[in-house]
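A short write-up of the structure that comes next.
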Amino acid sequence: MRKITILGATGSIGLNTLDVIKQHPNEFEVIALTAHQQIDRLQTLCLQWSPRYAVMADPQAAEQLSLRLQKLNSKVQVLSGTDGLSFVASLPLVDMVMAAIVGSAGLLPTLAAAKAGKRILLANKEALVMSGQLFMEAVQQHGAELLPIDSEHNALFQCMPINRSEIHHFKTSEVKSDDSAPLAHTLEEMGVSRLLLTASGGPFRTTPIEQLHEITPSQACAHPNWKMGRKISVDSATMMNKGLEIIEACWLFAAKPTQVEVVLHPQSIIHSLVEYIDGSVLAQLGNPDMRTPIAHALAWPKRIASSVSRLSLIDIARLDFEAVDFDRFPSLKLAIEAMNAGGTTTTILNAANEIAVQAFLQKRLRFTAIHKVIETTLSRLTGRVATSIDTILEDDTQARELAQEAVNLHQ
Ligand code: NAD
Ligand code: MG
3 MRKITILGAT GSIGLNTLDV IKQHPNEFEV IALTAHQQID RLQTLCLQWS
53 PRYAVMADPQ AAEQLSLRLQ KLNSKVQVLS GTDGLSFVAS LPLVDMVMAA
103 IVGSAGLLPT LAAAKAGKRI LLANKEALVM SGQLFMEAVQ QHGAELLPID
153 SEHNALFQCM PINRSEIHHF KTSEVKSDDS APLAHTLEEM GVSRLLLTAS
203 GGPFRTTPIE QLHEITPSQA CAHPNWKMGR KISVDSATMM NKGLEIIEAC
253 WLFAAKPTQV EVVLHPQSII HSLVEYIDGS VLAQLGNPDM RTPIAHALAW
303 PKRIASSVSR LSLIDIARLD FEAVDFDRFP SLKLAIEAMN AGGTTTTILN
353 AANEIAVQAF LQKRLRFTAI HKVIETTLSR LTGRVATSID TILEDDTQAR
403 ELAQEAVNLH Q
């Protein structure tokens, strides 16, 4: 039995993870479930799964959940705050941590899991965007295993040779460094020339650009192929999501930004591709359902069933590809520039994006002003070398303040 903590259990990724685990009751045991402040949802999950711990980031919500569970004679222990999240992410008895909190709130608990040497199933891409270098160093130093859940990165991972483990410093019994073949260290040494990230283009790929300023939150959250949380849905509509994913790919696979390319693929059937120097291009395909990458990472290097429907190429009939239009998706360009600038510039980008997306979802900012808030924030705060998590958190806080001001400016 592999023991797991699910950070962000009430969200889209969290619930999909529980769905896969439910199909394999003898393989996985749920030790801890966490949420922000959705008391009803976490209560339901606690009664269903009887974890040892439930954590609510919000202390008042935790108090209420605790009272309710006591009345129901539940033995679940309720904790709260970032400390509670980090505690369940680093418990000695836990083998794996699903990092599925959305946004910067996921950073410290995910980092705690890395420092405790856990297998981390990483959905929370914002953690890597905020603190890529320090995060990867923590993974390496503490012998953690990092398995990508983001469908594109999971696809890239599946298309790489098995000895890719050295790049991530994965530590598994199956792939030990005493293997007779020397382990590869860089993409070049593995013969990889490019990582091709596919992108659906979101709901506004073909919407006339002059209509974009009228987009409402519910329109932006209606993704054509994926059902996801609201923040990542807006990121997909602006394509900032793909920008964050370029940054994520650079850290996960030790790639240079010039080695990562984005191609629009509206059907979301090819989840990403790896190009090799001999001209081979390997792709991973499947129906767009997050239970595939989740099942892959839960069981890696084994395979387990996920209940995802079989891919029918005959039904799909065709796969289309297009180049990205940066005029339509200016946020994507900002993300690439931030990655090239390095240091805490991506921390600032991420913070400004979170503030802008929140303002858009609260109808305080137009869809077309999201990238302006990010651009203004980046012009007012210069990134620096990220020497410690404190540096990162300082720049994150400052960027949020500046981004709030920029929201007022661009309203
Ligand atoms: P979601 O909004 O559906 O769920 C987010 C979860 O995080 C919830 O459990 C919520 O309670 C928790 N949470 C929110 N704010 C918190 C806070 N301040 N402190 C503690 N917990 C908090 O989001 P999602 O779609 O499941 O996405 C989760 C992460 O996975 C994101 O980083 C997203 O980019 C990434 N991701 C999601 C998908 C997808 O298909 N949904 C695909 C790839 C990557
Ligand atoms: Mg993705």
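At the far end of the sequence shown sits residue 413, using the working numbering, and the numbering has no gaps. We put the beta carbon where it would ideally sit given N, CA and C, even for glycine.
Asked, Found
"Give me the residue from Ala353, Thr399, Leu44 and Ala64 with the minimum Cα distance to Leu20.", "Leu44"
"Within its chain, find whatever has a CB closer than 7 Å to the CB of Leu214; leave out the 5 residues flanking it on each side and keep chain order.", "Phe206, Phe369 and Thr370"
"What's the gap between the Cα of Gln269 and the Cα of Thr200?", "10 Å"
"Once DSSP output is grouped into helix, strand and coil, what is the label at Arg70?", "helix"
"Could you compute how far the alpha carbon of Ala222 sits from the alpha carbon of Ser76?", "40 Å"
"Give me whichever residues DSSP pairs with Thr200 in a beta bridge.", "Val265"
"Quick check: what's the CA-CA separation for Ser333 versus Leu71?", "44 Å"
"Quick one: is the Cβ of Ser235 within less than 7 Å of any heavy atom of the ligand MG?", "no"
"With a CB to CB cut of under 6 Å and the five nearest residues on each side skipped, what residues in its chain are close to Ser133?", "Ile394"
"Taking Cβ positions, are Phe321 and Ile248 nearer each other than 8 Å?", "Contrary to the premise, residue 321 reads as Leu rather than Phe in this sequence. Cβ distance not < 8 Å, so Leu321 and Ile248 don't count as in contact."
"Should Ala140 go down as buried or exposed, given a rule of 16 or more other Cβ atoms within 10 Å for buried?", "buried"
"Say whether the stretch 27-41 touches the stretch 329-343, bearing in mind that this needs 3 or more beta-carbon pairs closer than 8 Å, one atom from each stretch.", "no"
"Would you say the beta carbon of Asp152 is closer than 7 Å to some non-hydrogen atom of the ligand NAD?", "yes"
"What residue from Ala256, Ile338 and Arg330 has the CA that sits closest to Leu148's CA?", "Ala256"
"Flag this pair as touching only if the stretch 257-268 and the stretch 123-132 have three or more C-beta atom pairs under 8 Å; answer yes or no.", "no"
"Rounded to the nearest angstrom, what separates Met98 and Leu411 at their Cα positions?", "44 Å"
"By Cβ distance below 7 Å, which residues in the same chain neighbour Leu67 in space, the five residues on each side in sequence not counted?", "Ile41, Leu44, Gln45, Ala56, Met58 and Val80"
"Here's a check: name, in chain order, each residue in its chain whose Cβ is nearer than 7 Å to the Cβ of Gln105, leaving out the five neighbours to either side.", "Per the sequence shown, the amino acid found at residue 105 is Gly instead of Gln. Cβ neighbours of Gly105 beyond the five flanking positions: Glu128, Lys233 and Glu356."
"Below 7 Å CB to CB, which residues in the same chain sit around Trp302 once its five sequence neighbours on both sides are set aside?", "Leu149"
"When we look at the beta-carbon of Asn243 and count the other beta-carbons within 10 Å, is it buried (16 or more) or exposed?", "buried"
"How many angstroms separate the CA atom of Gly10 from the CA atom of Ala101?", "7 Å"
"Thinking just about the alpha-carbon of each residue, which of Gly108, Ala319 and Ala91 is nearest to the one in Ile6?", "Ala91"
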